[in-house]
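Enquirer: For the protein sequence lines, the chains are W and H, in the order given. Just so you know, my numbering puts 30 at position 12 of the first sequence, and the rest follows in order with no gaps. Just so you know, my numbering puts 195 at position 156 of the second sequence, and the rest follows in order with no gaps.
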Amino acid sequence: MPVSLANSQVIYGALKACDVKIISALPETWLVHLIRMADEDPEATLVRVAKEEEAIGISAGAHLAGVNSALLMQNHGFLAAINPIVSLALLYKIPLLMLISYRGHMGERDPWQTQGGMVTEPLLRTLGIPVWHLSNPHDAQRRIKDAQTLAHASLSPVAVLLTRELMWEE
Amino acid sequence: MLRADALQAIYPEVKDRIVVTIMGAVAAELYTLGHRPNFFYLEHAMGLASSMGLGIALAMPRHKVVVIDGDGSLLMNLGTLSTMARYRPGNLVHIVFDNASLLSVGGFPTATATGTDLAGVARACAIPEVTEADTPERLKQAVAGALAGGTLTTIVSKVEAIGPKSFHMDLPLLENRFQFKRALEALR
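1. Would you report the Cα separation of R121 (chain W) and E139 (chain W), rounded to the nearest angstrom?
2. Please name the residue, chosen from H:Q47, H:A84, H:P76, H:D55, that lies closest to L69 (chain H) on a Cα-to-Cα basis.
3. Under 7 Å Cβ to Cβ from Y30 (chain W), same chain only, skipping five residues before and after it: list those, please.
4. Could you pull out every residue in the same chain whose Cβ sits closer than 7 Å to the Cβ of D57 (chain W), ignoring the five residues on either side in sequence?
5. Would you mind working out which of H:S90, H:D110, H:A181 sits nearest H81 (chain W), comparing C-alpha positions?
6. Compute the Euclidean distance between the alpha carbons of E187 (chain W) and Q133 (chain W), then round it to the nearest angstrom.
7. If contact means a Cβ-Cβ distance below 9 Å, which residues of the stretch 57–77 of chain H contact chain W?
8. Which one of W:M136, W:V104, W:L33 has the shortest CA to CA distance from L85 (chain H)?
9. Which residues of chain H have a Cβ atom closer than 7 Å to the Cβ of T63 (chain W), listed in chain order?
10. With distances taken from CA atoms, which of W:G84, W:N86, W:P45 is nearest R66 (chain W)?
11. Can you name, in chain order, every residue of its own chain whose Cβ lies under 8 Å from the Cβ of L108 (chain W), other than the five neighbours on each side?
12. Looking only at its chain, what residues have a beta carbon closer than 8 Å to the beta carbon of C36 (chain W), apart from the 5 residues adjacent to it on each side?
13. May I have a chain-ordered list of the alpha helix (DSSP H) segments no shorter than 4 residues that lie completely inside the stretch 160–210 of chain H?
14. Using the C-alpha atoms, what's the distance from N138 (chain H) back to L114 (chain H)?
15. Verify whether the separation of the beta carbon atoms of I194 (chain H) and A172 (chain H) is less than 8 Å.
16. Find the residues of chain W that neighbour F219 (chain H), judging by a C-beta separation of less than 9 Å, and give them in chain order.
17. Please state if the CB of G79 (chain W) and the CB of G92 (chain H) are separated by a distance shorter than 8 Å.
18. Can you find at least 3 beta carbon pairs, one from the stretch 58–67 of chain H and one from the stretch 182–190 of chain H, that sit closer than 8 Å?
19. Look at A32 (chain W) and A171 (chain W) and say whether their C-beta atoms are less than 8 Å apart.
20. Figure out for me which residue from H:G109, H:N77, H:P51 has the closest Cα to the Cα of R42 (chain H).
21. Does DSSP put I29 (chain W) in a helix, a strand or coil?
22. Does R66 (chain W) come out as helix, strand or coil in the three-state DSSP assignment?
23. Looking at I100 (chain W): is its Cβ nearer than 8 Å to the Cβ of L180 (chain W)?
24. Here's the rule: buried if 16 or more other CB atoms are within 10 angstroms of the residue's CB, otherwise exposed. What is E82 (chain H)?
25. Between P113 (chain W) and A169 (chain W), is the Cβ-Cβ spacing less than 8 Å?
26. I'd like to know whether the C-beta atoms of A45 (chain H) and L178 (chain H) end up nearer to each other than 8 Å.
27. What does Y228 (chain H) reach in chain W if we use C-beta pairs closer than 7 Å?
28. Within the continuous beta strand (DSSP E) that includes D137 (chain H), where are the two ends?
29. If distances are taken between C-alpha atoms only, which option among W:T47, W:S77, W:P155 comes closest to V21 (chain W)?
30. Quick one: list the residues of chain W neighbouring S143 (chain H), beta-carbon separation under 9 Å, in chain order.
31. Can you check the stretch 39–122 of chain W for any beta strand (DSSP E) of at least 3 residues that lies completely inside it and give the ranges in chain order?
32. DSSP state of I162 (chain W), grouped into three classes?
33. With 16 other CB atoms within 10 Å as the buried threshold, where does S112 (chain H) fall?
34. Check for me: the beta strand (DSSP E) holding A84 (chain H) runs from which residue to which?
35. For A35 (chain W), which residues in chain H fall below 9 Å Cβ to Cβ?
36. When you compare the CB of I147 (chain W) with every CB in chain H, is at least one pair closer than 8 Å?
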């Protein structure tokens with residue numbers, strides 16, 4: 019499976035540098051290494067959710083309890099979680115660090131991913147959620163840390179889009 | 040059983056605990072019994088009170104967390120039972136008031152009115168302790184027992200579909216949010 023292990027390690031290292039203690043995830047191909055790393059990390063709690071909506075609640079609870087969390091989701095998971103992003107995170111001013119695998123965009127071969135890929139960024143912008151694209155592993159540490167910093171300062175969700183260039187080796 | 044009576048019975052057990060409730064009647068009734076900074080009322084995002092409670096319970100393992108859920112909300116997020124059961128935090132007590140109705144939005148019947156058994160669903164999801172408590176005394180006992188023990192517990196209580204005259208709470212939701220976060224900080 020040509021999901022980049024090296025770049026997944028860089029991303030996971032960036033999450034560790036952000037002192038992330040709770041990571042929620044729903045498996046998706048590009049996230050396999052990240053989920054495994056979270057599962058094997060004795061300092062972190064991986065919460066495997068049944069649907070991404072739950073992850074918004076879990077992160078909200080973690081934030082109110084004073085613990086840093088991150089969400090690993092595919093962009094269709096982001097789409098599935100839009101109501102709680104609006105009616106919990108945005109309504110209650112809860113910071114979220116969402117790492118979203120950006121399927122269905124340039125280079126996508128799976129037809130079923132493409133519709134979600136085309137609406138992801140327009141929806142993030144409509145919701146007023148700041149977006150970082152992550153394509154270069156050298157940017158990962160800085161951009162993920164800066165995303166978390168902005169999330170906490172603005173008390174808002176932020177999105178880091180994990181692109182094909184970063185996640186997929188071919 | 041009236042939910043208001045049930046809440047009154049468990050109020051002494053929960054008043055010093057971290058409590059997350061759903062919106063609507065249960066929030067208004069608990070608020071009326073006496074608001075506490077350690078109470079959070081999730082006024083929207085139906086179904087996610089239990090997910091929030093799970094997040095808090097995992098983040099604060101030394102403190103007990105009480106979620107007060109309802110049938111309509113739980114039916115919107117049934118997957119939460121499987122996720123809670125997977126991590127089974129022993130400091131989480133999940134109370135479900137089942138009035139078989141979406142009371143706050145016109146009283147339309149939920150699927151529990153036509154036979155869905157939420158305690159059965161919780162058991163089938165592998166929640167380690169599932170109790171049914173249909174009188175205020177039994178509920179009080181179940182809540183006290185769950186808080187004293189260290190096992191993730193879901194308690195389902197059938198209640199009548201009767202709510203308060205007013206749902207008004209003199210507590211802006213952001214005030215509740217910041218106050219609650221400060222209360223949790225003080226506990227850490």
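Don't be surprised by glycine CBs; every beta carbon is placed ideally from N, CA and C.
Expert: So, from the data block:
1. Translated into the one-based positions of the first sequence, residue 121 (chain W) becomes position 103. Translated into the one-based positions of the first sequence, residue 139 (chain W) becomes position 121. In a straight line, the C-alpha of R121 (chain W) is about 11 Å away from that of E139 (chain W).
2. Here residue 69 (chain H) refers to the residue found at position 30 when the second sequence is read from its first residue. It is H:Q47.
3. By 1-based counting over the first sequence, the position of residue 30 (chain W) is 12. Result list for Y30 (chain W): L52, M55, in chain order.
4. On the first sequence, position 39 is the one that residue 57 (chain W) refers to. Result list for D57 (chain W): L64, in chain order.
5. Mapped onto the first sequence, residue 81 (chain W) falls at position 63. It is H:S90 whose Cα lies nearest to the Cα of H81 (chain W).
6. Working through the first sequence from its first residue, we reach residue 187 (chain W) at position 169. Working through the first sequence from its first residue, we reach residue 133 (chain W) at position 115. Whole-angstrom Cα-Cα distance: 23 Å.
7. I57, V59
8. As a working mapping, residue 85 (chain H) is identified with position 46 in the second sequence. Looking at the sequence provided, one finds Met at residue 85 (chain H) rather than Leu. Of the listed residues, the one whose Cα sits closest to M85 (chain H) is W:V104.
9. Translated into positions along the first sequence, residue 63 (chain W) becomes position 45. Per Cβ cutoff of 7 Å: L97.
10. As a first step, residue 66 (chain W) is located in the first sequence; it is residue number 48 there, counting from the start. That would be W:P45, whose Cα lies nearest to the Cα of R66 (chain W).
11. Against the first sequence, residue 108 (chain W) aligns to sequence position 90. If we look at L108 (chain W) and ignore the five residues flanking it on each side, its Cβ neighbours are L145, G146, S174, P175.
12. Sequence index remark: in the first sequence, residue 36 (chain W) carries index 18 (1-based). Contacts found: N86, A88, L115, I162, K163, Q166.
13. 175–187
14. Position 75 of the second sequence, counted from the start, is the residue given in the question as residue 114 (chain H). Position 99 of the second sequence, counted from the start, is the residue given in the question as residue 138 (chain H). Distance between the alpha carbons of L114 (chain H) and N138 (chain H): 12 Å.
15. If you number the second sequence from 1, residue 194 (chain H) lands on position 155. If you number the second sequence from 1, residue 172 (chain H) lands on position 133. Yes, Cβ-Cβ distance for I194 (chain H) and A172 (chain H) is below 8 Å.
16. Here the question's residue 219 (chain H) lines up with position 180 in the second sequence. The contacting residues are L82.
17. Numbered from 1 along the second sequence, position 53 holds the residue referred to as residue 92 (chain H). Numbered from 1 along the first sequence, position 61 holds the residue referred to as residue 79 (chain W). Against a cut-off of 8 Å, the Cβ pair of G79 (chain W) and G92 (chain H) comes out as a contact.
18. no
19. Working through the first sequence from its first residue, we reach residue 32 (chain W) at position 14. Working through the first sequence from its first residue, we reach residue 171 (chain W) at position 153. Contact: no.
20. Position 3 of the second sequence, counted from the first residue, corresponds to residue 42 (chain H). Checked all of H:G109, H:N77, H:P51; the closest Cα to R42 (chain H) is H:G109.
21. To locate residue 29 (chain W), count along the first sequence from 1; it is residue 11. Looking at I29 (chain W) - three-state DSSP - the assignment turns out to be helix.
22. Numbered from 1 along the first sequence, position 48 holds the residue referred to as residue 66 (chain W). DSSP places R66 (chain W) in strand when its eight states are reduced to three.
23. Here the question's residue 100 (chain W) lines up with position 82 in the first sequence. Here the question's residue 180 (chain W) lines up with position 162 in the first sequence. Their beta carbons are not under 8 Å apart, which means I100 (chain W) does not touch L180 (chain W) by this criterion.
24. Here residue 82 (chain H) corresponds to residue number 43 of the second sequence, with the count starting at 1. When all chains shown are included, E82 (chain H) counts as buried.
25. Counting from one through the first sequence, the residue named residue 113 (chain W) turns up at place 95. Counting from one through the first sequence, the residue named residue 169 (chain W) turns up at place 151. Closer than 8 Å, so yes.
26. Numbered from its first residue, the second sequence carries residue 45 (chain H) at position 6. Numbered from its first residue, the second sequence carries residue 178 (chain H) at position 139. In this structure, L178 (chain H) lies closer than 8 Å to A45 (chain H) by Cβ.
27. Limits of chain H in this structure are 40 at one end and 227 at the other, which puts residue 228 (chain H) out of reach.
28. Your numbering for residue 137 (chain H) matches position 98 in the second sequence. Taken as a continuous stretch (DSSP letters only), the beta strand (DSSP E) holding D137 (chain H) covers 131–137.
29. As a first step, residue 21 (chain W) must be located in the first sequence, where it is residue number 3. That would be W:T47, whose Cα lies nearest to the Cα of V21 (chain W).
30. Position 104 of the second sequence, counted from the first residue, corresponds to residue 143 (chain H). Those do not exist, as S143 (chain H) stays about 15 Å from chain W at its closest Cβ, beyond 9 Å.
31. 40–43, 63–66, 87–92, 114–119
32. Counting from 1 along the first sequence, the entry for residue 162 (chain W) is found at position 144. Helix.
33. In the second sequence, residue 112 (chain H) corresponds to position 73, counting from 1. Its Cβ being crowded by 16 or more others within 10 Å, S112 (chain H) is buried.
34. As a first step, residue 84 (chain H) must be located in the second sequence, where it is residue number 45. Per DSSP, A84 (chain H) belongs to no beta strand (DSSP E) and is neither H nor E.
35. Reading the first sequence from its first residue, position 17 is the one you call residue 35 (chain W). Correct list: empty, because the minimum Cβ distance to chain H is about 19 Å.
36. Translated into the one-based positions of the first sequence, residue 147 (chain W) becomes position 129. Output row for I147 (chain W): interface = no.
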